[in-house]
Structure formats: C-alpha cells, structure tokens
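Q:
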Amino acid sequence: MTEFVPRIVAFCCNYCAYAAADLAGVSRMQYPPQIRIIRVPCSGKVDMTYLLRAFESGADGVIVAGCLEGGCHFVEGNFHEKARVNFARDMLAAVGIDPARLEMFNFSSSMAPRFIEIVNEVTERITKLGPAFPKKVKFTDREGLTKREFLYKMLANLAIKTPDKTLIVPEKLKEFGRIEYEAAKCIGCKKCQDKCEEQAIDFQRTFDLSKIVQKKEISKDEKITKRRLLYMTIANLTVKQPTNNILVPEGLDEFAQMQFVPEKCVACEKCIEACPEKAIFLVKEIDFPRIIEHVKRSRKQ
Ligand code: SF4
Ligand code: SF4
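Written out as structure tokens, the structure reads:
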C-alpha cells in the first residue's frame, strides 16, 4: 500500500505569514514539500469560497495564516478572517468533514521557526486523519451563480452527511444571517425587494391570515400604523381563527407576502434599512439543513 501524503494549502498574508514562510526558505529551514503556499494581500481576503475550492481541488487540509492579532496592515482583516474560519469549521463539521482540517494561525514576519513548527504539526495531524474524501471530488460549476449560491453549492458538493441543525453565526461575522419579517407590519411596498441586489426577496400572492390575526399586546412605544390598525380591528372582530391561506387578487400588491430566499442572502441589511415599517430584522443564525437540502434539490433539476 502506498503511504498517504496529505496535500495542504496555506493561504498566507503578504505582510507577515508569507514573509515568515519566505524567511524560513531563505534560512534553509526544512518543511514538508506538500504544503502549497498561496500569497494573498491580507488574510481577510480569504473568502469562504477560496477555502472550499481548495478542498474541491484536492486539499486534505487548509491553513489560513495572517498577522499577529493587533498587527494586521488592514486593521481588522485577521480578526474578521478568524470569525470566518471558525464559521467555516462549523459548516464543515455540519456536512461531515472534520473541522480539524481547517485552521487559522497568526505570525509576525520574523516567526520563521514558528511557521515551520505549525506546518509540521498540521502535516502530522492531517496525515493521521487520512484523505479528506474517499474519492476525487468534482469541481462545482460557478456559472450563473452568485458568490453565496456558489458557496452553498460547493458545500452541498463536498457534503459527506446531511446537516441536521441550524448554525449560530458569530456576531463578528457580518456576512451571514437570516432575515425575519413581521407580516403584520408589512404594507407590501416592496422597497426591500428593490434594494436587495442578491434577489433574495420575493413576494407571493398567498396571505396567511392566521399569522396576522392575533390578539397581541401592543407595547406603548409601538407605532400604530394604518396597517396595524386594520389587523388589530380584524383580530378584534374575529369569531373563529382562520385556518386557510387567502389568495391575494391580481393588482392588490399591497397585501403580497414577502418570501426570503436564505441561500441567496448575504446579510447586507439593505432591506432592513429600506423598510419604512421596520418590519424586517436580522437573526444571527442560518437554517443550514434547509439551505443544503434546497441546493441539492435544485442541482438535480
Ligand atoms: S440582507 Fe441583503 S441580501 Fe439579505 S435579503 Fe436583505 S437586502 Fe437581500
Ligand atoms: S419594505 Fe417592509 S413594508 Fe415594504 S414590502 Fe418590504 S417588508 Fe413590507
């Protein structure tokens, strides 16, 4: 049997980690040749799609190496990347890939011996874990996809198991989240949809009256808008709870119901800013099982 030699990709920031790797090279320090170093302007530039593409390209382990905390040339790039790598590890774990295959490290440009130490340590760990995938993974075709759709499609492609829980997004990581909206506040103006560059908001003509007709205590600070008053009045007059959805007639856009498309959303919050009724808010979690299931289904079509 041939001995397993892991392939490891190291994304190194230009100013510190790459300089440390370079110093190790010119100082003739030895490190495993299977490490492929990719130089990036800042560790914060390493998007999640880069990390997943590295796995799709045959990497068994991936390292992101940035400047020491507080030493980033772009101030917060390495902090942001840390949150991103941590969340990527959660995603990998959820689809059955050992999160120990991905890690972030911090170096100064003079830390060549530490760079060698880390590279050896990671190589040893990945060797013990064995190949990341039982067979070669196919490349995900990016054509016609937004960056976010591409990311989820790659995750669905790499998945060894189906995710079974929602993922909590770290507060520091701005680019992920889930949009919720209060149907009882919405006036169907569609300003949210106009502002959404990702086309993550849609409207449908069914109207779930049960969500709206609820006798709810109104807090003193809550604004009683015309729409609010309408629903409060209907709730007050209600003799029996509605069970069926109502079809909104053509031309009556003001009652269309907002639909959020989670696999497209990049949590930019533009819809929140645009909503005059303050009906939208961001929740720092993603419904990962639903997203992956949806992406897998759309792949089959
Ligand atoms: S947060 Fe941004 S991407 Fe997500 S639905 Fe709102 S506008 Fe669209
Ligand atoms: S911007 Fe607000 S009020 Fe207007 S359709 Fe969107 S959610 Fe409803």
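Residue numbers (my numbering): 20 to 320.
Every residue gets a Cβ at the ideal spot worked out from N, C-alpha and C, and that includes glycine.
All values derive from a computational prediction rather than experimental measurement.
#1: Run through the stretch 259-291 for me and flag every whole beta strand (DSSP E) of 3 or more residues, listed as ranges in chain order.
#2: Taking the alpha helix (DSSP H) that residue 171 falls in, what are its first and last residues?
#3: Where does the unbroken beta strand (DSSP E) through residue 227 begin, and where does it stop?
#4: Does the beta-carbon distance from residue 275 to residue 247 come in below 8 Å?
#5: Distance, Cα to Cα, residue 106 vs residue 175?
#6: For ligand 2, which residues count as neighbours when the test is a C-beta closer than 7 Å to any heavy atom?
#7: I need the DSSP call for residue 22, collapsed to helix, strand or coil.
#8: Consult DSSP for residue 299 and reduce its assignment to one of helix, strand or coil.
#9: Starting from residue 54 and walking both ways along the beta strand (DSSP E), at which residues does that stretch end?
#10: What does DSSP give as the partner residues of residue 186 in its beta bridges?
#11: Taking contact to mean 3 or more Cβ pairs, one atom from each stretch, closer than 8 Å, check whether the stretch 81-90 and the stretch 23-42 are in contact.
#12: Look at residue 167 and residue 306 and say whether their C-beta atoms are less than 8 Å apart.
#13: Where residue 279 and residue 220 are concerned, what is the direct C-alpha to C-alpha distance, given to the nearest angstrom?
#14: What does DSSP give as the partner residues of residue 82 in its beta bridges?
#15: Compare the beta carbon distance of residue 292 and residue 314 with 8 Å and say whether it is the shorter of the two.
#16: Do the stretch 152-164 and the stretch 86-100 touch if we need at least three Cβ pairs shorter than 8 Å?
#17: So residue 200 packs on residue 231, CB below 8 Å; how close in whole Å?
#18: Buried or exposed for residue 241, going by 16 or more other Cβ atoms inside 10 Å?
#19: Using a threshold of 8 Å, state whether the C-beta atoms of residue 120 and residue 145 are closer than that.
#20: Helix, strand or coil: which one does DSSP assign to residue 221?
#21: Does the stretch 169-184 come close enough to the stretch 265-273 to have 3 or more Cβ pairs within less than 8 Å?
#22: Just verifying my parser: in three-state terms, what is the DSSP assignment at residue 231?
#23: How many angstroms separate the CA atom of residue 61 from the CA atom of residue 238?
#24: In angstroms with no decimal places, state the Cα-to-Cα distance between residue 135 and residue 43.
#25: Taking the beta strand (DSSP E) that residue 199 belongs to, which residues open and close that run?
#26: Would you check if the distance between the CB atom of residue 78 and the CB atom of residue 133 is smaller than 8 Å?
#27: Could you tell me whether the stretch 254-262 touches the stretch 180-192, where touching means 3 or more Cβ pairs closer than 8 Å?
A: On the basis of the data shown:
#1: Within the stretch 259-291, the runs of beta strand (DSSP E) that reach at least 3 residues and sit entirely inside it are, in chain order, 276-279.
#2: Element bounds for residue 171: 166-177.
#3: It is not in any beta strand (DSSP E) - residue 227 carries neither H nor E in the DSSP assignment.
#4: Judged by their CB atoms, residue 275 and residue 247 are not nearer to each other than the 8 Å cut-off.
#5: Here the C-alpha atom of residue 106 lies approximately 16 Å from the C-alpha atom of residue 175.
#6: This criterion selects 200, 204, 205, 206, 207, 208, 209, 210, 211, 212, 277, 290, 293, 294, 295, 296, 298, 299.
#7: Here DSSP, grouped into helix, strand and coil, assigns residue 22 to coil.
#8: Strand, per DSSP.
#9: Per DSSP, residue 54 belongs to the beta strand (DSSP E) from 54-59.
#10: Bridge partners of residue 186: 305.
#11: Enough Cβ pairs lie closer than 8 Å, so yes.
#12: Contact: no.
#13: Spanning the two alpha carbons is a distance of roughly 5 Å.
#14: Paired residue(s): 29, 122.
#15: No, these two residues do not count as a Cβ contact at 8 Å.
#16: The stretch 152-164 is not in contact with the stretch 86-100.
#17: The Cβ separation is near 12 Å, so there is no contact.
#18: Classification for residue 241: exposed.
#19: It is a contact, given that the beta carbons lie within the stated cut-off.
#20: Shown here, residue 221 sits in a strand according to DSSP, grouped into three states.
#21: A contact between stretches requires three or more CB pairs, one per stretch, nearer than 8 Å, and the stretch 169-184 fails this requirement with the stretch 265-273.
#22: Here residue 231 sits in helix by DSSP.
#23: Residue 61 and residue 238 have their C-alpha atoms spaced approximately 47 Å apart.
#24: Distance between the alpha carbons of residue 135 and residue 43: 7 Å.
#25: Secondary structure note for residue 199: its beta strand (DSSP E) is the uninterrupted segment 197-200.
#26: For residue 78 and residue 133, no; Cβs fall outside 8 Å.
#27: No, they do not touch.
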